[in-house]
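To start, the structure under review is shown below, and the notes come after it.
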Amino acid sequence: MVDLKEKLIADFRTREAAMNGEAQTPLHQSRQKALSRFEELGFPTPKNEEWKYSNVRNLTNQDFDLSGSHAVSAADIDNIKIPNLTGNVLYFINGKYEAGLSSIVSPASQVTIQPLQEALLAKPELVSTYFGMLADTQSEAFSALNSAFAGDGVFIHVPKGKVVEEPIVLYFINDARSGNVGAQPRNLFVIEPNAQVQLTETFLTLGESSAFTNALTEIHVAQDAHVQYYKVQNDSDATYHVGTTQVRMSDNSHFYAATVSLNGGFIRNNLNIALDGEHCDAHMYGLYFPDGKQHIDNHTVADHRKPNSESNELYKGVLRGQSTGVFNGKIFVREDAQKTNAFQSCKNVVLSPQATMNTKPQLEIWADDVKCSHGTTTGQLDDEALFYLRSRGISKAEAMSLLMFAFCEDVITQIKIEPIREYLEEIIAEKLK
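Under our numbering, the residues of the sequence shown are numbered 1059 to 1491, in order.
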């Protein structure tokens, strides 16, 4: 039986010189520290409260090829990419950037888009200022592991006052047609004051072998900046995905996120937002569709650190088969964060008696002049609404499909990039038939 932890540590030792060079640079030292911390932490178990409902044992007993080799062609990509979605489109196959498949159309005056390894050489001071600032490598094993191997991914920098007119679309594709593969993309987005950008991360898999993705994205949203961030997951049943997005917001900034999990064997999404300025505005939307024996876990944090800010969160799930869903949403309101408005809601429909939904909303408040609420519901379809539709001559199957699609629309309509919204609507409608 494979011990993935020991395999990864040995792989780091083998690749260390190639990743860092011979010199003991600050990045080299940070990677070594991250690996040491991963050695101490090990992979989380259900004894860890944050992983109580998500067991990664089946992941840690497998071996994965992390070399990045693949046989993906442009034709393969055409069959799985989001139709009609244009803009700055970058492809990462088994974690490696593919320049020949990618297209950057926005002018350099609007935005810098570079593979992270190139940015580390071209803009070392800028990258080192922000790199690793938000990642929690002390208590999060997967973040520590990603930080140890950091190098493959993208650096995006939007200068002060610039509006990126075309969306930035990142495809992370696993080519698991010839065996188990793994990737650890590391992304760093720096959005300067009064800048605007739309960002999309899409995760897809080719083939039936196991694929392991451990992704970490850091997003710095400066004063008066506006960011839209979308994450779309349409993986295979043999996929293990652990994705962490760390966001820090400054005064008067706006951050808008939507995470849609259509397919995937094991998915853990961590979205952590620090509202570290006054008059920040953060929105979080989520939609998930576990079926069969799939497991989808969403952990979110809205950490209000300064006064006069607002967060709004809505997550919805549709569970079928023997699937499992998890939602753990935390709201923190610090002592200095007076005049905070924070709202959280998680609603789930369970369509199978074998499906399980675990929810844990958390609200911790140290300030006294705030408006906060949180809540969660899990149940079945509304019998009265179903009866009403059937009384109008609609079949039971079609009536159920209509009700479920309406249930999902609250989230789908929040996606502001039309090709993504249409792509999701088509897949969801097919899943709900």
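Idealized CB from N, CA, C, for every residue including glycine.
Asked: Could you pull the start and end residues of the beta strand (DSSP E) that E1107 belongs to?; Found: Looking at the DSSP string, E1107 is not in any beta strand (DSSP E), and its letter there is neither H nor E.
Asked: If you compare alpha carbons, which of R1378, D1061, Q1168 and S1160 is closest to N1406?; Found: R1378
Asked: Write down every uninterrupted run of the alpha helix (DSSP H) in the stretch 1099-1186 whose length is 4 residues or greater and which is fully enclosed by it, in chain order.; Found: 1115-1118, 1132-1136 and 1174-1180
Asked: Determine the direct distance from the alpha carbon of S1201 to that of I1277, and round the result to whole angstroms.; Found: 15 angstroms
Asked: Report yes if the CB atom of R1479 is closer than 8 angstroms to the CB atom of I1485, and no otherwise.; Found: no
Asked: Using 10 angstroms around the beta-carbon of V1290, count the other beta-carbons present and answer buried if the total reaches 16, otherwise exposed.; Found: buried
Asked: Ends of the alpha helix (DSSP H) at V1222?; Found: Counting along the chain, V1222 falls outside any alpha helix (DSSP H), and DSSP gives it neither H nor E.
Asked: In chain order, what are the residue ranges of uninterrupted beta strand (DSSP E) at least 3 long that sit wholly in the stretch 1377-1433?; Found: 1382-1391, 1398-1408 and 1414-1423
Asked: Does the contact criterion of 3 or more C-beta pairs under 8 angstroms hold for the stretch 1257-1267 versus the stretch 1225-1232?; Found: yes
Asked: Candidates K1418, N1119, N1366 and E1488: which alpha carbon is nearest E1107's?; Found: K1418
Asked: Which of helix, strand or coil does DSSP assign to Q1352?; Found: coil
Asked: I'd like to know whether the C-beta atoms of A1206 and A1092 end up nearer to each other than 8 angstroms.; Found: yes
Asked: Work out the CA separation of D1121 and K1065 for me, nearest whole Å.; Found: 8 angstroms
Asked: Answer with buried or exposed for E1098, where buried requires no fewer than 16 other C-beta atoms within 10 angstroms of its C-beta.; Found: exposed
Asked: Going along the chain, which residues of its own chain have a beta-carbon closer than 6 angstroms to the beta-carbon of A1269, five neighbours each way excluded?; Found: N1232, A1234, V1239, T1263 and T1297
Asked: Using C-beta distances below 7 angstroms, list every residue in its chain close to E1393, excluding the 5 sequence neighbours before and after it, in chain order.; Found: W1424 and A1425
Asked: Need the endpoints of the beta strand (DSSP E) that R1244 sits in, please.; Found: R1244 to I1249
Asked: Does the pairing of the stretch 1308-1317 with the stretch 1329-1341 give three or more beta-carbon distances under 8 angstroms?; Found: yes
Asked: Look at the alpha carbon of P1251 and the alpha carbon of T1414, and state the distance between them as a whole number of angstroms.; Found: 44 angstroms
Asked: Pick from D1468, W1109 and D1061: whose alpha carbon is nearest that of P1199?; Found: In the sequence under discussion, the amino acid at residue 1199 is Ala, which differs from the Pro named in the question. Among D1468, W1109 and D1061, the Cα nearest to that of A1199 belongs to W1109.
Asked: Less than 7 angstroms between C-beta atoms, sequence neighbours within five positions excluded: which residues of the same chain meet that for S1502?; Found: Nothing in the structure corresponds to residue 1502, since the chain is present only between 1059 and 1491.
Asked: Any idea what DSSP makes of D1339, helix, strand or coil?; Found: strand
Asked: Which first and last residues belong to the beta strand (DSSP E) in which F1324 is found?; Found: F1324 to L1333
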